[in-house]
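Quick note: the sequence shown uses the numbering used here, first residue 746, plus one each step.
Note that beta-carbon positions come from the ideal geometry of N, C-alpha and C, so glycine has one too.
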Amino acid sequence: MSKRLSIGIRGMATSTSTAPKGATVVERKRYPNYKVIVLNDDFNTFDHVAKCLLKYIPGMSSDRAWELTEQVHFEGLATVWTGPQEQAELYHQQLRREGLTMAPLEEA
Numbered sequence: 746m747s748k749r750l751s752i753g754i755r756g757m758a759t760s761t762s763t764a765p766k767g768a769t770v771v772e773r774k775r776y777p778n779y780k781v782i783v784l785n786d787d788f789n790t791f792d793h794v795a796k797c798l799l800k801y802i803p804g805m806s807s808d809r810a811w812e813l814t815e816q817v818h819f820e821g822l823a824t825v826w827t828g829p830q831e832q833a834e835l836y837h838q839q840l841r842r843e844g845l846t847m848a849p850l851e852e853a
């Protein structure tokens with residue numbers, strides 16, 4: 746940063762600051778969240794889907810797991826978790842390993 750010395754009123758020295766030429770502004774962006782989506786299928790039972798959601802999705806309650814399971818059945822899919830990519834990949838993989846039919850991860 747360059748400084749210039751200038752003479753103010755009554756001969757007193759003052760300094761002013763100017764931004765250097767070619768300075769860039771760094772803009773911070775947040776990492777995107779990802780959705781974990783369970784799809785309806787003809788072979789997983791309501792009980793199995795609800796138990797998997799309870800087992801692998803943090804903070805999942807029994808009532809919420811059943812609501813989401815019914816949404817999967819009646820609407821064809823449900824977003825069961827949204828958050829950072831690394832965690833979304835883990836939950837997606839765990840649910841798929843249990844035999845649930847999963848949509849590809851997508852940005853929220």
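Local Cβ density within 10 Å of residue i, reported as buried at 16 or more and exposed below that
{"i": "Thr-769", "result": "exposed"}
{"i": "Thr-814", "result": "buried"}
{"i": "Ala-853", "result": "exposed"}
{"i": "His-798", "result": "Contrary to the premise, residue 798 reads as Leu rather than His in this sequence. Leu-798 should be labelled buried."}
Span separating the alpha-carbon of residue i from that of residue j
{"i": "Leu-850", "j": "Ser-806", "result": "23 angstroms"}
{"i": "Arg-775", "j": "Thr-827", "result": "15 angstroms"}
{"i": "Lys-780", "j": "Gln-830", "result": "9 angstroms"}
{"i": "Leu-845", "j": "Pro-777", "result": "25 angstroms"}
Helix, strand or coil at residue i [DSSP, three-state]
{"i": "Ala-853", "result": "coil"}
{"i": "Ala-810", "result": "helix"}
{"i": "Val-794", "result": "helix"}
{"i": "Leu-845", "result": "coil"}
Beta-carbon contacts of residue i that lie in its chain and below 6 angstroms, excluding the five residues immediately before and after
{"i": "Phe-819", "result": "none"}
Other residues of its chain near residue i: CB distance less than 7 angstroms, five sequence neighbours each side excluded
{"i": "Ser-801", "result": "Here the sequence assigns Tyr to residue 801, which means Ser is not the residue at that position. Counting only Cβ-Cβ distances below 7 angstroms, and skipping sequence neighbours, we find Tyr-836, Gln-839 and Leu-840."}
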